[in-house]
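Undergrad: In UniProt numbering, the protein residues as written are 1 to 607.
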Amino acid sequence: MKKLVHYSAVTSSSSAGPFDPDALRTKYAEERRRRLRSDGISQYVEISGAFSRFGDDPWADPGFEREPIADSVDVAVVGAGFGGLLIGARCKQLGVDNVRMIDKAADVGGTWYWNRYPGIACDVESYVYMPLLEELGYIPTEKYAKGAEIFAHCRRIAEHYDLYRNACLQTEVREIRWQQDSSRWLITTDRGDEIRARFVAMANGYLQKPKLPGIKGITDFKGHAFHTSRWDYTYTGTDLSGLSDKRVGIIGTGATAIQCVPRLAEAVRELFVFQRTPSTVDVRANRPTEPEWAASLEPGWQQRRIENFQILTAGGTSDEDLVDDAWTSLTKKMPIVNEGGPNAAEMADFAKMEEIRARVQAVVTDAATAEALKPWYGYYCKRPCFHDEYLQAFNRDNVSLVDTHGRGVEQITANGVTVDGVEYPLDCLIFATGFEVGTSYSQRTGFEIIGRDGLTLTDKWADGVRSLHGVHVSGFPNCFIESIAQSGFTVNFPYLIDTQSRHIAWVIANALKNGIAELEATSDAEAAWVDTVVQRSSVIAGRRESCTPGYYNREGRADARLNQDSFFFGSPTEYADILDAWRSAGSFEGFAVRQVTHTDQYSGDRS
Ligand code: NDP
1 MKKLVHYSAV
11 TSSSSAGPFD
21 PDALRTKYAE
31 ERRRRLRSDG
41 ISQYVEISGA
51 FSRFGDDPWA
61 DPGFEREPIA
71 DSVDVAVVGA
81 GFGGLLIGAR
91 CKQLGVDNVR
101 MIDKAADVGG
111 TWYWNRYPGI
121 ACDVESYVYM
131 PLLEELGYIP
141 TEKYAKGAEI
151 FAHCRRIAEH
161 YDLYRNACLQ
171 TEVREIRWQQ
181 DSSRWLITTD
191 RGDEIRARFV
201 AMANGYLQKP
211 KLPGIKGITD
221 FKGHAFHTSR
231 WDYTYTGTDL
241 SGLSDKRVGI
251 IGTGATAIQC
261 VPRLAEAVRE
271 LFVFQRTPST
281 VDVRANRPTE
291 PEWAASLEPG
301 WQQRRIENFQ
311 ILTAGGTSDE
321 DLVDDAWTSL
331 TKKMPIVNEG
341 GPNAAEMADF
351 AKMEEIRARV
361 QAVVTDAATA
371 EALKPWYGYY
381 CKRPCFHDEY
391 LQAFNRDNVS
401 LVDTHGRGVE
411 QITANGVTVD
421 GVEYPLDCLI
431 FATGFEVGTS
441 YSQRTGFEII
451 GRDGLTLTDK
461 WADGVRSLHG
471 VHVSGFPNCF
481 IESIAQSGFT
491 VNFPYLIDTQ
501 SRHIAWVIAN
511 ALKNGIAELE
521 ATSDAEAAWV
531 DTVVQRSSVI
541 AGRRESCTPG
551 YYNREGRADA
561 RLNQDSFFFG
571 SPTEYADILD
581 AWRSAGSFEG
591 FAVRQVTHTD
601 QYSGDRS
């Protein structure tokens, strides 16, 4: 006889009935098996060579030209998204003025520069997601801001901290090489620049290089095709009216597709959504900012709110829930980083997923479509999504879900897309297939960093990331790397980015103040941090192994390497506390430090 478990609702979004844990375990394992592939991450096609047009910048002026630059700066920051902007802002706040951001995009903004697909928004609350709100005196207009508002905020940060003045935009770094004789980094670019920098900081982003699915026939398609992160408004029209007579296909049903499918559904003649694995789609409940609430905010409000969100979403407890949304109500009961015992966590997860599936059942009218939209895996196996119009879009007559039963699209032809032997003719094919994860650093960034004694970062990290605090790398003096690797876990990336940016700015400011010419993490300090990261990853390792494939678990190949390359799983604010304590000690512990000599005085380098 089946043993059913009754579980009170995890969140109040939908109710679900009793469930049979054994049956769910079996179903999840079956669905996982169906999706496992021998080619792992190499199933994807890199955007280069014949595919390089998919990476072209639709927003830049292609005729832009400028003279090459040959000069010196104190700090060169590669990337002008939130990472570069926050390093710049935090440096300026500490009196380090000679900062240059370099970015291949034609403006600042990073993710929010590139991604402008219809429906784009951030599903983390804007009051905690958008940095420096108090410093800039800005209050977002909605609880979940749209992409355009976030992009405008990026520009506001650059203006406020005067970061445009010295920036090199529409400029691709070709190489970054350590010059031992002058203790400088030499940065060369596609514009013929030779920029020397005392310090370099990498703020290249995490999900920044689009990828395409390696589907048979992908080069055969004769219609119009593009990736969501390079939306072609010239073809679609800014109001999407260019699609009103078109048959449009979209491959992928991750967080990006969840946001743009409802907008496409309203605009196109026919929409075909090609699905390999359904996302979890929970309630969004966006609302405009209430002026009275905004007026009531007291100084220090944003940092308090961010820390409260961070604590609640990273497994901690607090008497208050300031954000009080789907993320926090969920993670309070179902910590992402779980220390509450495996069985309780599994039951809470089953209950949550039953709620998610019940929501699909309640919203989607066609029974077969509803069945196909139900996700069968642990809740945190994939990026949770929140939307109030995505599932509803499948009730429209012009929208069809083409489920591939976990196998993915079979073939792309000159006319369209084939699944189960049926060809779906299309005028336009949109790839919502995400971004490279797990490929080498130089493949993702497009350049190599060459450190002391000619050591490349690719060689250094050939067997996995090695760093001190996720930021400093032995062999790469005066170099800082912002990334998720070996850095504190969060669902709110700007929190991590700002934690690292404050740290980097402090190190630079203090090195300059104290006449330090070179500082470099020792290999002992680095080894100790790598060990800590690997050891802490045990809280998440089991889940990674049992999860359905995706970029979180290297397409189902969770292994020791993934544990090393991923987040540092400490308690909610532990990572920030470790960096704070290190700075408070003020002794540059774990670093080899060389003082300035008369040959490398700062004269002439600082504006
Ligand atoms: P994802 O990598 O999450 O999704 C890619 C999609 O493409 C998946 O549904 C995948 O299926 C599918 N796919 C890949 N290959 C094939 C194939 N051969 N046939 C059919 N389908 C295929 O990319 P996204 O751009 O959606 O999101 C990336 C990340 O960006 C998110 O996880 C999130 O972190 C961030 N994001 C955040 C937002 C926010 O509001 N904060 C909004 C949007 C994105 P499968 O699942 O089976 O692999």
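All C-beta atoms in this analysis are idealised placements derived from N, C-alpha and C, irrespective of residue type, glycine included.
Looking at P572 and A348, is the spacing between their C-beta atoms short of 8 Å?
TA: On the sequence shown, position 348 is the one that residue 348 refers to. On the sequence shown, position 572 is the one that residue 572 refers to. Going by C-beta atoms, A348 is not nearer than 8 Å to P572.
Undergrad: Applying the 10 Å Cβ sphere with the 16-neighbour rule, what's the burial state of S607?
TA: Within the sequence shown, numbered from 1, the residue matching residue 607 stands at position 607. Note on S607: pLDDT 37, under 50, position unreliable in the model; no value is reported.
Undergrad: Nearest to A197 by CA position, among R247, R100 and G217, is which residue?
TA: Here residue 197 corresponds to residue number 197 of the sequence shown, with the count starting at 1. Among R247, R100 and G217, the Cα nearest to that of A197 is on R100.
Undergrad: Let me confirm a value: P68 is counted as buried when at least 16 other C-beta atoms fall within 10 Å, else exposed. Which label applies?
TA: Here residue 68 corresponds to residue number 68 of the sequence shown, with the count starting at 1. So P68 ends up on the exposed side.
Undergrad: Measuring CB to CB, does E175 end up less than 8 Å from F588?
TA: Position 175 of the sequence shown holds residue 175. Position 588 of the sequence shown holds residue 588. No, Cβ-Cβ distance for E175 and F588 is not below 8 Å.
Undergrad: Please classify G300 as buried or exposed, where buried requires at least 16 neighbouring CB atoms within 10 angstroms.
TA: Locating residue 300 in the sequence shown gives position 300, counting from the first residue. It counts as exposed.
Undergrad: If I follow the unbroken beta strand (DSSP E) through V102, where does it start and stop?
TA: Here residue 102 refers to the residue found at position 102 when the sequence shown is read from its first residue. For clarity, residue 102 is Ile in the given sequence; the question names Val instead. Element bounds for I102: V99 to I102.
Undergrad: Is it the case that the CB of C122 approaches a heavy atom of the ligand NDP more closely than 7 Å?
TA: Taking the sequence shown and counting its residues from 1, one reaches residue 122 at position 122. Yes, the beta carbon of C122 sits closer than 7 Å to at least one heavy atom of the ligand NDP.
Undergrad: Please specify which runs of the alpha helix (DSSP H), each continuous and at least 4 residues long, are wholly inside the stretch 421-472, giving them in chain order.
TA: Within the stretch 421-472, the complete alpha helix (DSSP H) runs of at least 4 residues are 441-445 and 457-460.
Undergrad: Just confirm the distance between the C-beta atoms of S126 and A145, as a whole number of angstroms; I'd bet it's less than 8 Å.
TA: The count along the sequence shown starts at 1 and reaches residue 126 at position 126. The count along the sequence shown starts at 1 and reaches residue 145 at position 145. 4 Å between Cβ atoms; contact.
Undergrad: Answer yes or no: do A255 and S229 have a C-beta to C-beta separation smaller than 8 Å?
TA: Stepping through the sequence shown from its first residue, residue 255 is reached at position 255. Stepping through the sequence shown from its first residue, residue 229 is reached at position 229. Result no, Cβ atoms of A255 and S229 do not sit closer than 8 Å.
Undergrad: Could you say which of R90, P140, S318 and G454 lies nearest to H160 if we only look at CA atoms?
TA: Position 160 of the sequence shown, counted from the first residue, corresponds to residue 160. Taking only the C-alpha atoms, the option nearest H160 is R90.
Undergrad: Output yes or no for whether 8 Å exceeds the beta carbon distance between V409 and F567.
TA: For the purposes of this step, residue 409 is identified with residue 409 of the sequence shown, where counting begins at 1. For the purposes of this step, residue 567 is identified with residue 567 of the sequence shown, where counting begins at 1. Contact: no.
Undergrad: Jot down the residue ranges of each uninterrupted alpha helix (DSSP H) in the stretch 89-152, minimum 4 residues, whole runs only, in chain order.
TA: Complete alpha helix (DSSP H) runs here, min 4: 111-114, 126-129 and 133-136.
Undergrad: Identify which residue in K332, Y206 and N510 has its Cα closest to the Cα of I481.
TA: Locating residue 481 in the sequence shown gives position 481, where the first residue counts as 1. It is Y206 whose Cα lies nearest to the Cα of I481.
Undergrad: Closest by CA to R35, which one among K27, S48, K209 and R276?
TA: Here the question's residue 35 lines up with position 35 in the sequence shown. Comparing Cα-Cα distances from R35 to each of K27, S48, K209 and R276, the minimum goes to R276.
Undergrad: Can you tell me where the beta strand (DSSP E) holding R177 begins and where it ends?
TA: By one-based count along the sequence shown, residue 177 stands at place 177. Its beta strand (DSSP E) spans residues V173 to Q179.
Undergrad: Assign C547 to one of three DSSP states: helix, strand, or coil.
TA: Numbered from 1 along the sequence shown, position 547 holds the residue referred to as residue 547. The answer is coil: DSSP assigns C547 none of H, G, I, E or B.
Undergrad: With a Cβ-Cβ cutoff of 8 Å, do V75 and I102 count as a contact?
TA: Sequence index remark: in the sequence shown, residue 75 carries index 75 (1-based). Sequence index remark: in the sequence shown, residue 102 carries index 102 (1-based). Contact flag unset, no.
Undergrad: Can you say whether F64 is buried or exposed, counting buried as having 16 or more other CB atoms within 10 angstroms of its CB?
TA: Counted from its first residue, the sequence shown places residue 64 at position 64. Counting Cβ neighbours within 10 Å, F64 comes out exposed, since fewer than 16 surround it.
Undergrad: Distance, Cα to Cα, G488 vs W112?
TA: The residue labelled residue 488 in the question sits at position 488 within the sequence shown. The residue labelled residue 112 in the question sits at position 112 within the sequence shown. Whole-angstrom Cα-Cα distance: 23 Å.
Undergrad: Alpha carbon to alpha carbon, how far is K352 from I508? Give it in angstroms, no decimals.
TA: Position 508 of the sequence shown holds residue 508. Position 352 of the sequence shown holds residue 352. Approximately 45 Å, taken between the alpha carbons.
Undergrad: What separation, rounded to the nearest whole angstrom, lies between the Cα atoms of N415 and G550?
TA: The count along the sequence shown starts at 1 and reaches residue 415 at position 415. The count along the sequence shown starts at 1 and reaches residue 550 at position 550. Looking at the two C-alpha atoms, the distance is approximately 28 Å.
Undergrad: Indicate whether V128 and V323 have their beta-carbon atoms separated by less than 8 Å.
TA: Position 128 of the sequence shown, counted from the start, is the residue given in the question as residue 128. Position 323 of the sequence shown, counted from the start, is the residue given in the question as residue 323. Yes, the pair counts as a contact, with Cβ atoms nearer than the cut-off.
Undergrad: So, is E382 buried or exposed, given that buried needs 16 or more other C-beta atoms within 10 angstroms?
TA: As a working mapping, residue 382 is identified with position 382 in the sequence shown. Sequence check: residue 382 is Lys here, not Glu. K382 should be labelled buried.
Undergrad: Alpha carbon to alpha carbon, how far is R305 from P58?
TA: Translated into the one-based positions of the sequence shown, residue 305 becomes position 305. Translated into the one-based positions of the sequence shown, residue 58 becomes position 58. Straight-line Cα distance between these residues: approximately 36 Å.
Undergrad: Which residue or residues does DSSP assign as beta-bridge partners of G252?
TA: The sequence position of residue 252 within the sequence shown is 252, counting from 1. None; G252 has no bridge partner.
Undergrad: So who's on the other strand from W185, going by DSSP bridges?
TA: On the sequence shown, position 185 is the one that residue 185 refers to. W178 and A197, per the DSSP bridge assignment.
Undergrad: So the alpha helix (DSSP H) H503 belongs to, where does it begin and stop?
TA: What you label residue 503 is simply residue 503 of the sequence shown in a count that begins at 1. Residues F493 to K513.
Undergrad: Suppose the cutoff is 6 Å on Cβ atoms and the five residues either side in sequence are ignored; what does the same chain contact list for L468 look like?
TA: As a working note, residue 468 is residue 468 in the sequence shown. Result list for L468: A521, A525, E526, W529 and G590, in chain order.
Undergrad: Please determine, among S72, D531, A105 and A70, the residue with the shortest C-alpha to C-alpha distance to G84.
TA: Counted from its first residue, the sequence shown places residue 84 at position 84. Comparing Cα positions, the closest option is A105.
Undergrad: Helix, strand or coil, according to DSSP, for A362 in the structure here?
TA: On the sequence shown, residue 362 is found 362 positions in, with the first residue counted as 1. Of the three classes helix, strand and coil, the one that applies to A362 here is helix, per DSSP.
Undergrad: Locate the beta strand (DSSP E) running through R594, then write down its first and last residues.
TA: For this step, residue 594 is matched to residue 594 along the sequence shown. Residues F591 to Q595.
Undergrad: Measuring alpha carbon to alpha carbon, tell me which of A201, T439 and L401 ends up nearest V465.
TA: Within the sequence shown, numbered from 1, the residue matching residue 465 stands at position 465. When only C-alpha atoms are compared, the closest one is T439.
Undergrad: Between L391 and T499, which are expected to be in contact by the criterion C-beta below 8 Å, what is the C-beta distance as a whole number of angstroms?
TA: Against the sequence shown, residue 391 aligns to sequence position 391. Against the sequence shown, residue 499 aligns to sequence position 499. 35 Å between Cβ atoms; not a contact.
Undergrad: Nearest by alpha-carbon distance to V281: which of Q443, W376 and T238 is it?
TA: Residue numbering aside, residue 281 sits at position 281 when the sequence shown is read from its first letter. The shortest C-alpha separation from V281 is found at W376.
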